[in-house]
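J.: Residue numbers (full-length UniProt numbering): 1 to 1014.
Cβ coordinates follow ideal geometry from the N, Cα and C atoms, glycine included.
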Amino acid sequence: MYETDNIFKDTVLFKYHLLLLNELVKLAKETNDIDRLINGGAHILLPFESLSNESIRNLTELNQCYLTKLNVKIFEILKSSTYKSCRELTEVLLNPSNYFLEQLKQLFHQCLGRLQLSEVQPSEYRSKLYLIQAIVFKLENDAEKSLRSAHDALLSHPYDDVIDSLILFMNHSHFHSTLRRTLLNDIKQCSLTLTDLTPPTQMMNSLTFLNRTERLIMLKKYERAIFKRLAENDPVQAAYSYMDLIMAVTNSRTLFMNNLIMSCVYFFQAISQPKCTLAEVYAYRSIIFDISVEIFLFTRHYLPLYVQMYAYKLLYTLIMRSTDLFAKRIISSSSNRTARSQPILSDFHETLLDELLKNILQLSKVSPFTHMPTIGSSHDMIYMECAGNEFLSKYLKAMAPNSSMYQYYFFEGIWKSWIDGENFEDERDCCMYYLLKDRQWTTYDVEDLLCWSIIPRTDDGWYLDTKHRLQLDPSGYSQVIGITLNNDTGDIEFMFAQAKKNEHNLFDAGDVMDIVTNGISYAYFTLDPPNVEYHSHPFNEMKYLPKRLVDIPNYLLTLLHTDYLLKMISTGVEICSQTPFEMRPISENLVQRLPVHIREELQSVAMKKSELLTDSIHRFWIQPESEIEYEQAYYRNFFGRTNENITQFYLSDKIKMCVKKHRMRYDERGNLIDDKDDNENDQSAEAEFARVFTKYYDEIGEYFPELLRLKELLKLSVLSRIIQSRYESQCDLAAQIENDATFETYLAEVKNKIGDYPTGSVEADEKILNAISNNICKNFFCKKGNLKPYLLDWLRHGQHTALVTFVKQSLIQCKAKLKFTIEKFSLHYDDEDHDDEQRLNNDTTQCFWVPAAFSSDLSMKVYGGVMLTPNPKGRTGVKDESEKSKKSKTTENVAKLSKKSNDIKSKRSASNVEKSGDSNKNCQTTDQNGNIKSKSHVIGRGAGPSGDPKIHSIPFNSRKGAMEAAQKDGKGNRPVHHGVNYEKKEPAHWHPADKDGKIIKNGKHYTYGRYSKK
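So this is what it looks like as structure tokens:
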């Protein structure tokens, strides 16, 4: 083929093309299939330089003929689409080949005729015209008007066909993103006004989709009266009328919000009038500010997304415009021309404006109605809310697979009940999956936290319905009695009570050594919302202090499971520990192990709570109610002589634990804070629950022994504090000895006294040496044989440094023997992290999320935690009480206890290895009839890294067990993890790996969790 540039230079070639074009024109009379070819030929010939005016006119007419036909064709396509469904019309309108602006406008005006658009019937046809108008505005690059027309289409006919069409429209060519950019530009350019504050003068004409209830009729009549009599002449009275209207619509949150906003709008109209005095401007502006704060806090947590965007933009504009008017009146006032030092906007109101903008931008990510709706009457708002909720419920559902943000807000809408007809449990499961996926976690990371081996559960992950024991080592203990610190020998002995047949083992040697070696003297634990922007987050996040608790899993998990138990009982919801963390009422199983009298009181509290209180946020936490009484005593030998080097500490068992409660609220930044107006002596259901739980705490602990375990961990923290305190005092003593110059002075005096050494007489030298040696050994507790070399070196050569060091170390070893025992067994902790200066947090590299305890039937949320902060108090008589107790006391030396602790950890490790070994043995699986299906590993579909079939081991109960099996198979190298694939229903699994971290290509998969169970 030739280049088109040659046409402009070769006249013969041009004439040839012109001839072909004329022949095509003749053929076009018989067929329309070559119109595009004629248009292309004319387009190529028009740029020829030597064309005469007549030739240009002829070629243009040829091209125009085609365009005329094309316009007619497009118009016919658009016209015919108006007779189709709304969705089919939208698909035609969004087709780029139909982007002919004039034809769209012609179609719109032809369909409209002489009617006003709001008068067109039926409503579905009116929606179609609004959609055509929306496309016209979109092609004219007016996104805001386009959105307004789309919104009118929704209000005209809020049914599935129109809603599906609008979803297509919003997602086409990134229109939602365009709307959000438009909103950002509005915020930057129009800092005072984000929406119109002109109050409505009439209501929507046809709300045929709502039933004509008495409340609607009342609202319509009431607001018409305001519009006719008060709106223009007396805006202040109109504002008060809307406040009065609140009392008539107490069962509607949206109407409550809108009536308050309408009051603020009319107060703003009042201060906009020239006759309003400066004092009135200040007063009405203050009212607007105070009401706006309450509306914002209320709207953010209780209203649907559609209404939130409406409220936030109005509140922002009201605050900014009223402040601007107030500032101008102050400047123009002749009596206030002097400079003013007081700011017009306080820090609190600046924070409120920041939060309003933050929430507007956040909502604009998920709701395409960034500029809609404009201000409306309360009567109209009922209808707009219903229509907006219908659209957003379908829009969020359609967008949910693309982003966890959409999935979350869809789930929140279901829980807050503005989205109907969806399964709460299914959407909760999906929401949890996507939120975890964002963090590169899986539900089985969560399961590892909930499936704690210490608390026995059913095979499917629920609590047992009968009384149980904690699965601790059989050599465990039931009670902490005290500790003996022997500075004569350096021994440390723990005094514990062993459990009887009807008592619980509450801790073991592993717990003791974990606490004392990590210096745990206190613990704080909470379950908080993971994201302040997601107020209905399906997870709670573990946070704790000190941060080294992460190295003591059994301690940390005790705090988790006791707090979690409290939350489940207080909300009336039991949560399964296995994926997908199903929920059921506690009355079905969890509290069945409790005595009837306790069960009735707790259940009655839960029933009272669900009936009388809604949308309440409380925190419940467990803490010591009483001080930990102790007695310090000194050892008495057989003859009754006291030895102060042997100190004994006895801890009282009369420790009271309690449940505290406090009402919470959200501050202007969305953070949960304590409500200062909460009454500690109130008679609310929550306060009654805390009192009942405290009253029966020990009795409940007999059936849930993890609660009693908290007491013993608390007492072990006291022992840890005692050891730490003794270690610090002995370190201070050692430092004091090392810094003491008394011995150096003594050596100088001796040197001056004896003069030269050796003296020349062997007998005299020996006498001097023995005298000095005996004196030093007597006063500084040195061994004579070890002292002599250092002493001779000093006497003969004047080298006193080594002698001084040896003598002082000998004294330290005698006076501070406990220091060396504590260091030997690492019973001290140097707190270099300054935990007291840190906030509660966690290890961000690990999953510390657990399912939140709330259900679709309960509009209540509970937060809180556990606070183990011992407050020791000395009291005489504790030792006698302990000795008179009938408990079986045992004494454990620290060395023996350390060995026990290591043995317990070895047993647990061996148990995991044994499970891993079992997975490598051949196994037999059976079908439903009990027939043997296989004598080999369970074979999965597909192939492993080597191309061989995937070899799935017997499914493990936990992620850790599968990991250890894969690690063993990989000769100790850390295995490679692959998470669960929900779409393909493939289980999570570990691959054995080589020393370089690469998967060993043997096809083996060590599975656990969902889809791996037989």
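When you compare only the Cα positions, how much space is there between S946 and E385?
T.: Note on S946: pLDDT 37, under 50, position unreliable in the model; the coordinate value appears next. When rounded, the distance between both Cα atoms is 58 angstroms.
J.: Per DSSP, K879 is paired with what?
T.: Per DSSP, none; premise fails for K879.
J.: Is N775 helix, strand or coil by DSSP?
T.: If DSSP states are grouped into helix, strand and coil, N775 belongs with the helices.
J.: By the three-class DSSP mapping on this structure, what secondary structure does Y477 have?
T.: Three-state DSSP puts Y477 in a strand.
J.: Under 7 angstroms Cβ to Cβ from D152, same chain only, skipping five residues before and after it: list those, please.
T.: Y130.
J.: I'd like to know if the stretch 877-894 and the stretch 475-485 are in contact, where contact means that at least 3 CB-CB pairs between them fall below 8 angstroms.
T.: Cβ pair count under 8 angstroms is three or more, so yes.
J.: Taking only runs of the alpha helix (DSSP H) that begin and end inside the stretch 152-204, which ones reach a length of at least 4 residues, in chain order?
T.: List check, alpha helix (DSSP H) in window: 160-171 and 175-189.
J.: Given that a residue counts as buried once 16 or more other Cβ atoms are within 10 Å of its Cβ, and exposed if not, what is H797?
T.: Exposed: under 16 other Cβ atoms inside 10 Å.
J.: In chain order, what residues of the same chain have a beta carbon less than 8 angstroms from the beta carbon of L612, not counting five sequence neighbours either side?
T.: Because the pLDDT at L612 is just 40, under 50, the model does not fix this residue reliably, and the value given afterwards should be weighed accordingly. Excluding positions up to five away in sequence, the list reads A685.
J.: Measuring straight from C-alpha to C-alpha, what distance separates V512 and D491?
T.: Their backbone Cα atoms lie some 16 angstroms apart in a straight line.
J.: Are the stretch 584-599 and the stretch 549-564 touching by the rule of at least three beta carbon pairs closer than 8 angstroms?
T.: Short answer: they don't touch.
J.: What distance in whole Å lies between the Cβ atoms of K567 and V862, which are believed to be in contact at a cut-off of 8 angstroms?
T.: Indeed they touch by this definition, with Cβ atoms about 5 angstroms apart.
J.: For C658, name the three-state secondary structure that DSSP assigns.
T.: If DSSP states are grouped into helix, strand and coil, C658 belongs with the strands.
J.: Look at the alpha carbon of Q498 and the alpha carbon of W794, and state the distance between them as a whole number of angstroms.
T.: Whole-angstrom Cα-Cα distance: 56 angstroms.
J.: Can you tell me whether Y1006 is helix, strand or coil according to DSSP?
T.: Strand, per DSSP.
J.: Check V522 in the structure and name its three-state DSSP category.
T.: The residue you asked about is not Val; residue 522 is Tyr in the sequence shown. It is coil, neither helix nor strand.
J.: So what does R721 bridge to, in DSSP terms?
T.: Answer is none; R721 lacks a bridge partner.
J.: Relative to the alpha-carbon of L94, which residue among E119, H109 and F137 has its alpha-carbon at the smallest distance?
T.: Residue F137 is the option with its Cα nearest to L94.
J.: Mind checking G961: buried by the 16 CB within 10 Å criterion, or exposed?
T.: Classification of G961: buried, given that the 10 Å Cβ count is 16 or more.
J.: On the criterion of 16 or more Cβ atoms from any shown chain inside 10 Å, does V718 qualify as buried, or is it exposed?
T.: Buried is the call here.
J.: Jot down the residue ranges of each uninterrupted alpha helix (DSSP H) in the stretch 618-648, minimum 4 residues, whole runs only, in chain order.
T.: Correct list: empty.
J.: Could you please give me the residues that DSSP links to A497 through a beta bridge?
T.: Paired residues: Q479 and K889.
J.: Going by DSSP, what residues sit across from T484 in a beta bridge?
T.: T484 is bridged to E493 and Q648.
J.: Determine the burial state of M247: buried for a count of at least 16 other Cβ atoms within 10 Å of its Cβ, exposed for fewer.
T.: Result: exposed.
J.: If you run the structure through DSSP and keep just helix, strand and coil, what is K873?
T.: Strand at K873.
J.: Using the Cα positions of residue 1093 and K221, report the straight-line distance between them to the nearest angstrom.
T.: No information on residue 1093 is available, as it lies outside the stretch 1 to 1014 that the chain covers here.
J.: Between the Cα of L361 and those of L101, I187 and S761, spot the shortest distance and give me the residue it belongs to.
T.: Considering only alpha carbons, the answer is I187.
J.: Please state whether the Cβ-Cβ distance between L314 and I226 is less than 8 angstroms.
T.: Contact flag unset, no.
J.: What does DSSP give as the partner residues of E541 in its beta bridges?
T.: Beta-bridge pairing links E541 to D528 and W849.
J.: Under the DSSP definition of a beta bridge, which residues are partnered with Y863?
T.: The partner list for Y863 (beta bridge, DSSP) reads R619.
J.: The beta strand (DSSP E) spanning M583 covers which residue range?
T.: Run containing M583: M583 to P585, per the beta strand (DSSP E) assignment.
J.: Take residue 1028 as the anchor and find which of T489, F507 and M372 has the nearest alpha-carbon.
T.: An answer regarding residue 1028 cannot be provided, because it is not within the stretch 1 to 1014 covered by the chain.
J.: My assumption, with CB atoms under 8 angstroms, is that R285 sits in contact with F326. Please give the rounded CB distance.
T.: About 5 angstroms; that satisfies the 8 angstroms criterion.
J.: I'd like to confirm the pairing. Which residues does DSSP put opposite V573 in its beta bridges?
T.: V573 is bridged to P585.
J.: Since L868 sits in a beta bridge, which residues does DSSP pair it with?
T.: A523, per the DSSP bridge assignment.
J.: Just to confirm my understanding: we take R224, look at its own chain, exclude 5 residues before and 5 after, and list those with CB closer than 8 angstroms. What are they?
T.: Result list for R224: M203, in chain order.
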